[in-house]
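In case it helps, the numbering used here puts the sequence shown at residues 1 to 250. Cβ coordinates follow ideal geometry from the N, Cα and C atoms, glycine included. Predicted model, so just to flag it, every value in this text is computed and none were measured. What follows is a short report on a single structure.
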Amino acid sequence: MGKTSKEKKKKASFDIRERLLKLLEKAKEKGLPKSRLLPKNHSSEESNKHFNQLIQENKVIKLSERYYLFDYAPSVEKIAGKIEKTLESLFPAEEKPIEYKPISATQLYKKCLNCPKTLFQEALDCLIIDSLLIPLRIGKTRYYLPMALFCKEVKKGTSVINPKKIYKAYEDLLKENKFNNISHVAIASLQKKSGVDLKSLHEWLLEQSRKGLAHLFEGDWALASDIEKQAVMQYEGNKFLRVKLEQPYN
Numbered sequence: 001m002g003k004t005s006k007e008k009k010k011k012a013s014f015d016i017r018e019r020l021l022k023l024l025e026k027a028k029e030k031g032l033p034k035s036r037l038l039p040k041n042h043s044s045e046e047s048n049k050h051f052n053q054l055i056q057e058n059k060v061i062k063l064s065e066r067y068y069l070f071d072y073a074p075s076v077e078k079i080a081g082k083i084e085k086t087l088e089s090l091f092p093a094e095e096k097p098i099e100y101k102p103i104s105a106t107q108l109y110k111k112c113l114n115c116p117k118t119l120f121q122e123a124l125d126c127l128i129i130d131s132l133l134i135p136l137r138i139g140k141t142r143y144y145l146p147m148a149l150f151c152k153e154v155k156k157g158t159s160v161i162n163p164k165k166i167y168k169a170y171e172d173l174l175k176e177n178k179f180n181n182i183s184h185v186a187i188a189s190l191q192k193k194s195g196v197d198l199k200s201l202h203e204w205l206l207e208q209s210r211k212g213l214a215h216l217f218e219g220d221w222a223l224a225s226d227i228e229k230q231a232v233m234q235y236e237g238n239k240f241l242r243v244k245l246e247q248p249y250n
């Protein structure tokens with residue numbers, strides 16, 4: 001009897017955990033409030049215990065009174081990406097800056113679905129720091145415009161530099177070449193991986209170099225491929241094939 005009782009208890013515990021995980025899997029990025037996860041007929045001490053265990057195990061994440069599976073939990077990076085996509089749909093690139101009306105923080109928040117307020121504001125601040133968003137204030141109301149609109153107007157045919165994209169490409173290249181134990185990468189590879197046009201990348205690298213955040217290396221011209229030679233960066237009479245980056249917040 002004792003063994004059977006333990007097995008039943010173990011199965012009941014498994015069923016409770018599975019039920020909670022399935023509900024959150026179905027909810028995905030929307031998440032669910034606790035009342036939907038533990039309705040009155042399931043609000044026993046046992047159910048609460050397993051629910052709290054899932055949180056402690058980081059399988060379930062709590063944000064702004066909602067709960068998410070770890071893989072679907074909102075993050076500043078995810079929300080920043082969602083804000084950028086929302087702004088792209090609101091401000092078509094073919095329009096002229098003079099035609100744009102800034103969007104208020106409240107309106108933008110309503111259009112970015114499933115974004116906890118606490119992370120939403122933090123994501124806005126990150127986009128401002130990265131020079132991807134222009135903050136405005138009229139009275140007590142905060143408004144925003146995407147910086148890309150004005151960059152495209154000033155230099156047609158030149159891509160807008162997204163530092164995050166370049167740093168991500170740089171980190172990916174380092175991971176791909178981790179066995180070489182080298183902290184610098186080919187400028188040609190960085191351009192291809194990031195998708196930034198070569199002229200804009202050269203200008204950005206030069207700017208970062210002056211700030212001490214990019215270290216240029218001549219590399220070995222004899223061993224360089226034709227593609228690497230075509231992407232060479234020339235500065236003060238020197239030719240540079242490779243670069244090492246340091247992020248400003250490191």
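Subject >> Where arginine 242 falls, given that 16 or more other Cβ within 10 Å makes a residue buried >> reply: On the sequence shown, position 242 is the one that residue 242 refers to. Flag for arginine 242 reads buried.
**OP:** Could you check what DSSP says for isoleucine 138 in three-state terms: helix, strand or coil?
**Re:** Locating residue 138 in the sequence shown gives position 138, counting from the first residue. DSSP places isoleucine 138 in strand when its eight states are reduced to three.
Original post:
Looking at C-alpha atoms only, which residue of Glu29, Glu246 and Leu190 is the closest neighbour of alanine 73?
Top reply: Numbered from its first residue, the sequence shown carries residue 73 at position 73. It is Glu29.
Original post:
Would lysine 59 pass as a contact of leucine 69 if the rule is Cβ separation under 8 Å?
Top reply: On the sequence shown, position 59 is the one that residue 59 refers to. On the sequence shown, position 69 is the one that residue 69 refers to. Taking 8 Å as the Cβ cut-off, lysine 59 and leucine 69 qualify as a contacting pair.
Original post:
Which value, in whole angstroms, describes the spacing of the CA atoms of leucine 23 and phenylalanine 91?
Top reply: Taking the sequence shown and counting its residues from 1, one reaches residue 23 at position 23. Taking the sequence shown and counting its residues from 1, one reaches residue 91 at position 91. The straight-line gap from Cα to Cα measures roughly 36 Å.
**OP:** Pick out the complete alpha helix (DSSP H) segments inside the segment 78 to 119, 4 residues or longer, and give them in chain order.
**Re:** 105 to 111
Subject >> Beta-carbon contacts of aspartate 15 that lie in its chain and below 7 Å, excluding the five residues immediately before and after >> reply: Here the question's residue 15 lines up with position 15 in the sequence shown. Excluding sequence neighbours, aspartate 15 sits near nothing in its chain.
**OP:** Could you tell me whether the Cβ atoms of aspartate 130 and proline 102 are closer together than 8 Å?
**Re:** Taking the first residue of the sequence shown as position 1, residue 130 is located at position 130. Taking the first residue of the sequence shown as position 1, residue 102 is located at position 102. Against a cut-off of 8 Å, the Cβ pair of proline 102 and aspartate 130 comes out as no contact.
**OP:** Between the Cα of leucine 127 and those of Glu25, Ala80, Tyr167 and Tyr170, spot the shortest distance and give me the residue it belongs to.
**Re:** One-based indexing of the sequence shown puts residue 127 at position 127. The candidate whose alpha carbon is nearest that of leucine 127 is Ala80.
**OP:** Could you round the C-beta distance between alanine 169 and isoleucine 227 to whole angstroms and report it? I think they count as a contact, below 8 Å.
**Re:** What you label residue 169 is simply residue 169 of the sequence shown in a count that begins at 1. What you label residue 227 is simply residue 227 of the sequence shown in a count that begins at 1. Not quite, the Cβ-Cβ distance comes to about 16 Å (not below 8 Å), so this is no contact.
**OP:** For leucine 136, count neighbouring C-beta atoms within 10 Å of its own C-beta (all shown protein chains included) and say buried if the count is 16 or more, exposed if not.
**Re:** Position 136 of the sequence shown, counting from 1, holds the residue named residue 136. The residue in question, leucine 136, is exposed, as its Cβ has fewer than 16 Cβ neighbours within 10 Å.
Original post:
What number of angstroms, rounded off, separates the C-alpha of asparagine 238 from the C-alpha of glutamine 56?
Top reply: Reading the sequence shown from its first residue, position 238 is the one you call residue 238. Reading the sequence shown from its first residue, position 56 is the one you call residue 56. Distance between the alpha carbons of asparagine 238 and glutamine 56: 55 Å.
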